[in-house]
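When you line the sequence shown up against the numbering used here, it's residues 10 to 325, in that order. Cβ coordinates follow ideal geometry from the N, Cα and C atoms, glycine included. One structure below.
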Amino acid sequence: MIVYFREHELHSMSSHPENARRFERLGTLLQREEVHTPEPVSEELVLRVHTRRHIENLRALSEAEAWADADTYLTKHSFTTALLAAGGAVLAAELATKHGCGFALVRPPGHHAMPERAMGFCLLNNVAIACRQMLARGMKRLVVLDVDVHHGNGTQEVFYTSPEVLFISLHQHPLYPGTGMVEETGEGEGEGYTVNIPLPPGTEDAEYLEAFELALDVAEQHSPELVLVSAGYDTAVDDPLGGFMLTQRCYAEMGRRLRRFSKVAFCLEGGYSSSALAAGVESTLHGIRGLSEEYEPAGGARLEEVRRILRRYWNA
Ligand SMILES: [Zn+2]
10 MIVYFREHEL HSMSSHPENA RRFERLGTLL QREEVHTPEP VSEELVLRVH
60 TRRHIENLRA LSEAEAWADA DTYLTKHSFT TALLAAGGAV LAAELATKHG
110 CGFALVRPPG HHAMPERAMG FCLLNNVAIA CRQMLARGMK RLVVLDVDVH
160 HGNGTQEVFY TSPEVLFISL HQHPLYPGTG MVEETGEGEG EGYTVNIPLP
210 PGTEDAEYLE AFELALDVAE QHSPELVLVS AGYDTAVDDP LGGFMLTQRC
260 YAEMGRRLRR FSKVAFCLEG GYSSSALAAG VESTLHGIRG LSEEYEPAGG
310 ARLEEVRRIL RRYWNA
């Protein structure tokens, strides 16, 4: 159940790491899988996550082919491409609701996009928009599991005061954007519903999978009706931007362990090695379909501090 649209190519800049060549190895997968094409999201839905000023700003920047910040370019077609990418996340969530799994292979990515501005290659927060759509349809408990190597600061910001969406992020620290400390746990009614698990540069499969297991244990306690995975593959050992050392076996194992949830929607975030990205998506699908062997590498992470803070809210 892949969601893909070819017009992503219209948002591209060859000198920038987030360009259309990221998808150049996806051909075989797209030929083999059932591929669904998204519709652009409505402005009304975008407004449940972003300000009107941000939407108007994006439209103007796109028209001018200008940069939103030092990292984030726009082309003439970027605004419409962003609406399609967000529509892709919504469609993946709908497919997961109906069939158990959906995977939005879309770009530009979304998890750094803040309510009022674009940031870090992201224009609209695709996964947050999909959450808002599912909540509007009557779901009450969602989990966003962000496994991109960077902290999903935009998604965290959108749901920081909300108990409906439990946001859990595993990410490298220190690294861009610098947020995602374990002490950031949410506010007001949302206190406890933000979970950050920062991990050091050089993190390998064993340490990562221990942290991932902790994340799944916490996610399960929220009894989510749907788990949305912000799936970044910039955690791969050969990714040019991230400092983690994850292998393809780790991605398959993450997919396999996600089988404990009945409905899982994946939305692509980062991943800047086109070969690791394509292989990573294949491994994830292999795992979630129950086709991979159990993988438990020796070793582990030092998560005492994370567990100590999480225990205020969860069994951890
Ligand atoms: Zn990333």
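| Asked | Found |
| --- | --- |
| Buried or exposed: which applies to S282, given that a residue is buried once 16 or more other Cβ atoms fall within 10 Å of its Cβ? | buried |
| According to DSSP, A91 sits in a beta bridge with which residue or residues? | Bridge partners of A91: none, in fact. |
| If T244 sits next to V158, beta carbons under 8 Å apart, how far is it from one beta carbon to the other, in whole angstroms? | 5 Å |
| What ranges does the beta strand (DSSP E) occupy inside the stretch 68 to 127, keeping only unbroken runs of at least 3 residues that lie completely in it? | 76 to 78, 110 to 113 |
| Are the CB atoms of P118 and H20 within a distance shorter than 8 Å? | no |
| Let me make sure I understand the geometry here. Which of S301, L56, G201, S232 has the alpha-carbon closest to that of N135? | L56 |
| What is the DSSP secondary structure of F221, counted as helix, strand or coil? | helix |
| Measure the Cβ-Cβ separation of L90 and H17 and say whether it is below 8 Å. | The amino acid at residue 90 is misidentified as Leu; the sequence shows Thr. Yes, the pair counts as a contact, with Cβ atoms nearer than the cut-off. |
| F275 bridges to which residues according to DSSP? | F112, V238 |
| Once DSSP output is grouped into helix, strand and coil, what is the label at H295? | helix |
| Buried or exposed: where does L184 fall if 16 or more other Cβ atoms within 10 Å of its Cβ makes it buried? | buried |
| Using a threshold of 7 Å, is the CB atom of H108 nearer than that to any non-hydrogen atom of ligand 1? | no |
| Using CA atoms only, rank isn't needed, just tell me which of V50, H45, H121, A285 is closest to R15. | H45 |
| My guess is that L132 and A122 are in contact by the Cβ rule of under 8 Å, so how many angstroms apart are they, rounded? | 6 Å |
| Which whole runs of the alpha helix (DSSP H) in the stretch 154 to 241 are 4 residues long or more, in chain order? | 162 to 167, 214 to 230 |
| Give the DSSP-derived three-state secondary structure of V246 in the structure shown. | coil |
| Mark A102 as exposed unless 16 or more other C-beta atoms lie within 10 angstroms of its C-beta, in which case mark it buried. | buried |
| Can you tell me whether E278 sits near ligand 1, meaning its C-beta is under 7 Å from at least one heavy atom of the ligand? | yes |
| Short of 6 Å in beta carbon distance, which residues of its chain neighbour P233, apart from the five on each side in sequence? Order them along the chain. | R150, L151, V152 |
| In whole angstroms, what is the alpha-carbon distance linking E302 and F130? | 35 Å |
| Taking the alpha carbon of S87 as the point to measure from, which residue in E305, P49, I11, F112 has its own alpha carbon closest? | P49 |
| Would the beta-carbon of H159 be found less than 7 Å away from any heavy atom of ligand 1? | yes |
| Apart from the five residues on each side of it in sequence, which residues of its chain come closer than 6 Å, Cβ to Cβ, to L70? | A77, L83 |
| With 16 as the cutoff for other CB atoms within 10 Å, does T188 come out buried or exposed? | buried |
| Would you report the Cα separation of V99 and I11, rounded to the nearest angstrom? | 12 Å |
| Going straight from the alpha carbon of A261 to that of L294, what length do you get? | 7 Å |
| Excluding the five sequence neighbours on either side, which residues of its own chain have a C-beta within less than 6 Å of the C-beta of V238, listed in chain order? | L154, F275 |
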